[in-house]
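Residue numbers (our numbering), protein chains in the order written: chain W, 1 to 584; chain V, 1 to 254.
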């Protein structure tokens with residue numbers, strides 16, 4: 001057999017890191033992305049990346065980072081991989097620094113660190129407030145270097161259709177759609193990485209990019225890959241409401257001194273600082289979001305009766321703000337028109353991140369041998385709630401370990417794929433698109449997507465109620481039924497957006513059911529999953545990883561124990577006055 | 001008050017490369033906070049022209065919708081800019097949308113900007129990394145240098161600077177056309193990094209070749225349209241200085 005080739009689907013941070021690691025081992029990589037890789041959603045990460053280097057002399061350590069992450073995630077994450085990630089953190093920051101990322105500096109020329117949510121330490125390295133963009137660019141440059149050397153081939157504006165799985169159940173490559181020519185092709189590989197990001201578009205409006213449909217994960221799930229902890233959806237406390245998306249206002253704003261308040265009795269009321277004296281405005285996101293919901297919906301204190309609260313930096317030094325968070329404030333100014341340095345921002349929580357995703361083992365391989373997952377599309381590192389600035393770290397760390405793991409897997413399973421598996425799969429996928437091209441019913445795919453998003457946002461985000469969850473699942477079944485009566489406006493075979501969107505929508509509906517039914521079944525409150533009917537964490541019954549397996553009758557759920565061998569679960573109480581949680 | 005208020009878009013369409021362009025108008029109900037992309041999304045849910053004809057929805061590039069991915073550059077009312085931050089209430093109507101003219105049209109408002117990525121390859125815009133394993137911290141940098149590099153690295157590869165550059169043409173031969181302001185800024189970003197400097201000569205050699213920095217005609221349009229206010233003319237000036245020094249050095253080394 002010739003030298004094995006590898007496939008990476010997704011050109012965000014996890015995919016780029018995987019690509020670099022495989023190429024560095026000397027193996028060729030085919031890198032697929034729905035957008036030019038430099039435009040991937042990782043560019044939207046603003047505030048920074050965590051690593052416990054203790055350069056502020058606060059007594060920070062990888063163990064404390066590990067403890068904050070596990071505690072912040074309400075003990076749902078398997079602990080060994082999280083510990084390994086936190087230990088790798090400093091090395092990853094140094095690597096990025098060597099790549100030339102323009103991280104913010106101290107007077108001595110060292111990396112600067114700021115505070116983020118869910119920790120009392122200055123642990124977050126940052127490049128202004130566009131850290132994700134700077135990181136993507138640095139990795140993109142390294143991939144281009146390998147591309148120039150002939151090791152990497154890029155397939156930009158290609159979308160995953162399916163994994164190609166042989167009779168033995170092993171992944172042997174993929175089929176992918178050329179989004180310009182609307183043609184399906186097969187690509188064999190010794191191992192395949194899915195680094196395709198989160199499912200934000202399932203919620204319609206979110207902080208995510210429009211390419212974050214979760215469609216690739218949905219496709220893999222329908223082919224037998226388990227989807228784990230899907231019900232854990234992070235709603236970020238501070239976003240700008242908008243008609244097309246909810247634009248993120250980074251946690252770094254609060255890390256640099258921003259304060260959240262609402263007017264009460266004619267004066268600002270800093271409710272987070274009052275309720276959580278130790279962490280103040282930097283409680284974890286699920287806690288801050290629920291507090292804002294309480295103030296707005298239970299106490300009726302939203303600004304002018306609207307679902308909005310203030311995020312205020314107008315008391316801070318404008319030069320410091322410009323230097324450290326200028327990129328974020330610029331977004332607010334461009335879209336709202338007010339200068340946040342002078343006028344408090346009006347914000348509201350918005351769907352942001354999926355802690356759940358494809359189930360993977362500690363080497364990032366799904367239950368389908370040869371099919372790997374890394375980045376937001378996996379479920380591995382964040383438990384029931386992700387801490388800010390841990391996502392860039394988990395993307396890079398999971399890619400870093402997955403690259404070598406894919407190479408090792410290929411060397412252990414060097415048998416050539418029988419060509420016979422590719423052709424039928426290409427035919428099946430091409431026929432699916434041909435069918436979509438012929439759809440001429442009365443329904444609009446975009447209207448169905450909007451309805452899905454509205455229902456998911458209303459019922460499957462911050463506050464969850466079993467009756468409404470059950471109704472939402474009925475609604476999703478209705479939408480799946482109406483999907484069959486879609487009509488598409490565009491029947492051409494050139495750069496046709498409708499045809500790929502209709503397929504994505506189906507995959508989104510499949511994932512939406514996993515998220516909704518997973519939430520319906522989990523009768524407890526843990527991290528981002530909050531049910532007033534069951535307000536407490538229930539470790540006896542629910543300290544379990546949810547695993548959904550696709551069947552034609554809907555998701556089938558099973559539960560596996562969580563590895564809590566390193567830090568025994570303890571109650572999660574951010575309102576305690578001094579952090580027992582910070583103990584190492 | 002909002003009753004009956006509408007937004008009219010006039011979209012220049014083209015079914016594919018080489019196909020003749022044509023115009024279509026769409027009218028949608030006004031809503032607060034609309035931008036050009038959210039208005040186009042509204043059109044897509046029910047693609048019927050102002051004259052009542054049901055047509056294939058227009059196609060455009062977009063991803064982040066918050067001006068950091070660089071996808072949605074287009075010509076709005078005659079001016080190149082990012083569609084996401086083109087707020088409808090600040091635009092004259094009908095809002096005229098056209099694809100950028102310096103890049104081949106794929107379809108409608110979607111263009112092929114691969115020459116920008118190719119330029120980065122021509123200029124070796126990367127640090128020559130030994131490997132991704134842990135080799136300890138990187139070099140120290142002054143906060144002043146970091147801030148200048150950061151300003152350069154905010155480039156979103158949108159192509160606005162190429163669109164307005166008189167030295168850039170749609171039919172430039174691949175590999176020898178002017179690399180453009182964006183790529184020159186990125187080359188300077190690397191040349192200013194202590195490790196990036198190690199292959200500075202590769203970049204300067206390419207910048208002294210065809211389509212390099214000498215192709216700049218000093219029109220200074222680039223810096224005017226850059227959505228990220230990158231000091232592009234400063235970067236071009238500095239790279240010009242570096243190439244001159246390199247040229248002199250090469251002469252004396254002979």
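Beta carbons: idealized from backbone N, C-alpha and C, even for Gly.
Under 9 Å from the C-beta of residue 31 of chain V: neighbouring residues of chain W: 243
Cβ of residue 236 of chain W within 8 Å of any chain V Cβ: No, no contact with chain V.
Within chain W, the residues that residue 46 of chain V reaches when beta carbons sit closer than 9 Å: 444, 446, 447 and 489
Chain V within 8 Å of residue 107 of chain W, Cβ atoms only: Residue 107 of chain W belongs to the set of residues whose beta carbon lies under 8 Å from a beta carbon in chain V.
Any C-beta of chain W under 8 Å from that of residue 11 of chain V: no
Neighbourhood of residue 125 of chain W by C-beta distance below 7 Å, restricted to the same chain and skipping five residues each side: 48, 49, 51, 93, 103, 111 and 113
Per DSSP, cross-strand counterpart(s) of residue 264 of chain W: W:267
CB contact check: residue 215 of chain V to chain W, cutoff 8 Å: It does not; no Cβ of chain W falls within 8 Å.
Within chain W, the residues that residue 67 of chain V reaches when beta carbons sit closer than 8 Å: 331 and 334
Burial state of residue 245 of chain V (16 or more Cβ within 10 Å): exposed
Residue 245 of chain W (DSSP reduced to helix, strand or coil): coil
Cα-Cα separation between residue 132 of chain V and residue 144 of chain W, rounded to whole angstroms: 15 Å
Residue 501 of chain W versus residue 40 of chain V: straight-line alpha-carbon distance, rounded: 15 Å
Meets three-Cβ-pair contact criterion under 8 Å: the region 198–206 of chain V and the region 157–175 of chain V: no
Assigned secondary structure, residue 581 of chain W (DSSP; H/G/I helix, E/B strand, else coil): In this prediction, residue 581 of chain W scores a pLDDT of 42, lower than 50, which makes its location untrustworthy; no coordinate-derived value is stated.
Sequence-distant residues of its chain with Cβ nearer than 6 Å to residue 88 of chain W (five each side left out): 397
Residues sharing a beta bridge with residue 602 of chain W, DSSP: For residue 602 of chain W there is no data in the structure shown, the boundaries of chain W being 1 and 584.
Residue interval of the beta strand (DSSP E) (run including residue 193 of chain W): 191–194
Whole-angstrom distance between residue 210 of chain W and residue 153 of chain W, CA atom to CA atom: Rounded to the nearest angstrom, the gap between the Cα atoms of residue 153 of chain W and residue 210 of chain W is 25 Å.
Where the region 73–101 of chain W meets chain V: residues whose CB sits under 7 Å from a CB there: 91, 94, 95, 97, 98, 99 and 100
Interface flag, residue 22 of chain V vs chain W, CB-CB below 8 Å: no
Status (buried if at least 16 other CB within 10 Å, exposed otherwise) for residue 30 of chain W: buried
Contact under 8 Å by Cβ, residue 358 of chain W with residue 559 of chain W: no
Nearest neighbour of residue 96 of chain W, chosen from W:26, W:393, W:480 and W:553 [CA to CA]: W:393
Beta-carbon spacing of residue 32 of chain W, residue 7 of chain W below 8 Å: yes
Residues in the region 18–36 of chain W having any Cβ partner in chain V nearer than 8 Å: 20, 21, 24, 35 and 36
Interface positions of the region 174–198 of chain V facing chain W (Cβ-Cβ less than 8 Å), listed along the chain: Cβ contacts with chain W come from 189, 190, 193, 195 and 196.
Through-space distance from residue 277 of chain W to residue 338 of chain W, alpha-carbon basis: As the crow flies, the alpha-carbon of residue 338 of chain W is around 30 Å from that of residue 277 of chain W.
Burial state of residue 124 of chain V, where buried means 16 or more other Cβ atoms lie within 10 Å: buried
Outcome for residue 551 of chain W when other beta-carbon atoms lying within 10 angstroms are tallied against a minimum of 16: Under this definition residue 551 of chain W is an exposed residue.
Beta-carbon spacing of residue 589 of chain W, residue 160 of chain W below 8 Å: Summary: the structure shown does not reach residue 589 of chain W, with chain W confined to residues 1 through 584, and so no result is reported for it.
Min CB distance residue 207 of chain V to chain W below 8 Å: no
For residue 185 of chain W, the residue or residues it bridges with in DSSP: W:176
Alpha-carbon to alpha-carbon, residue 136 of chain W and residue 102 of chain V: For residue 102 of chain V and residue 136 of chain W, the distance between alpha carbons rounds to 26 Å.
For residue 87 of chain W, the first and last residue of its enclosing alpha helix (DSSP H): 79–99
Within chain W, the residues that residue 36 of chain V reaches when beta carbons sit closer than 9 Å: Within 9 Å Cβ-Cβ: nothing; residue 36 of chain V doesn't reach chain W, min ~10 Å.
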